[in-house]
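These notes concern the structure reproduced below.
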């Protein structure tokens with residue numbers, strides 16, 4: 280998680296954010312996510328090309344105090360597996376490079392860039408994430424307001440400046456990935472005490488959304504597979520070494 284506080288003048292005409300964030304990234308301005316895009320910026324050979332994402336964030340910028348936050352995930356850029364020895368190529372630690380350009384009605388311009396003035400923490404709620412193995416999320420580590428102005432960032436540390444990937448920025452942007460549908464389970468069955476099978480009736484590219492109540496520290500495990508065994512349990516042998524668990 281990366282963040283920076285900054286200030287602006289009144290009478291903002293336009294604000295544009297240009298960002299390269301690999302493996303995955305989500306961007307927040309003044310506490311809100313700036314886009315419906317997911318799994319950005321897309322998978323590619325980062326030694327050859329670097330997908331750049333551009334957002335019009337005029338409506339997200341306030342006169343006066345502001346804050347920007349970038350949440351980085353591993354994606355295919357930092358590819359070692361969470362729970363098994365690495366078998367895929369890793370390009371390096373997740374990194375971000377951004378420039379926020381703010382144009383004012385009086386013709387002046389200011390910018391916010393990723394530099395050594397930013398702060399970072401590795402103590403956020405997402406403890407591990409991998410395309411093959413899933414995500415480990417700890418709600419107790421949520422930091423409310425971390426991407427809002429006035430957040431107490433005393434426990435955060437200065438960012439580390441790292442060499443970035445060497446690919447070129449493509450002239451044709453990669454189309455964004457977005458959520459196109461929300462599905463409900465077509466059937467629900469408890470196969471043994473505390474173990475439930477949710478069948479969505481089809482293969483999808485997506486993830487689960489759930490709402491739970493319980494004492495802090497309670498663990499909820501999700502496993503994913505494409506088919507069932509004859510006894511109704513998940514047939515995960517076809518996943519090979521992929522954990523596919525959250």
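Residue numbers (this note's numbering): 280 to 525. Glycine is no exception: its CB is placed at the ideal position from the N, C-alpha and C atoms. Please read these numbers as outputs of a predicted model, since none were measured by experiment.
Paired residues, beta bridge with residue i - DSSP
{"i": "residue 514", "result": "506"}
{"i": "residue 601", "result": "This structure gives no information on residue 601, because the portion of the chain shown stretches from 280 to 525."}
{"i": "residue 413", "result": "409"}
{"i": "residue 343", "result": "287"}
{"i": "residue 307", "result": "312, 348"}
{"i": "residue 317", "result": "456"}
{"i": "residue 388", "result": "382"}
{"i": "residue 355", "result": "DSSP lists no partner for residue 355."}
Three-state secondary structure (DSSP) of residue i
{"i": "residue 361", "result": "In this predicted model, residue 361 has a pLDDT of only 47, less than 50, meaning its place in the structure is not dependable enough to derive any value."}
{"i": "residue 393", "result": "coil"}
{"i": "residue 520", "result": "coil"}
Residue i versus the options, residue with shortest Cα-Cα distance
{"i": "residue 339", "options": "504, 302, 380, 408", "result": "380"}
{"i": "residue 495", "options": "418, 396, 358, 298", "result": "418"}
{"i": "residue 482", "options": "455, 514, 504, 499", "result": "504"}
{"i": "residue 452", "options": "320, 308, 459, 312", "result": "320"}
{"i": "residue 284", "options": "432, 446, 442, 524", "result": "432"}
{"i": "residue 280", "options": "355, 438, 292, 324", "result": "438"}
heavy atom of the ligand PLP below 7 Å from residue i C-beta
{"i": "residue 490", "result": "This structure lacks the ligand PLP, and indeed carries no ligand of any kind."}
Residue range of the unbroken beta strand (DSSP E) whose run includes residue i
{"i": "residue 292", "result": "291-301"}
{"i": "residue 335", "result": "332-335"}
{"i": "residue 374", "result": "374-383"}
Point to revise | 4-residue-minimum alpha helix (DSSP H) runs that sit fully inside the stretch 418-446, ordered along the chain | key: Within the stretch 418-446, there are no complete alpha helix (DSSP H) runs of at least 4 residues.
Practice item. Just list the beta strand (DSSP E) runs in the stretch 453-477, keeping only unbroken ones of 3 residues or longer that don't cross its boundaries, in chain order. Key: With a minimum length of 3 residues, the continuous beta strand (DSSP E) runs that stay inside the stretch 453-477 are 466-471.
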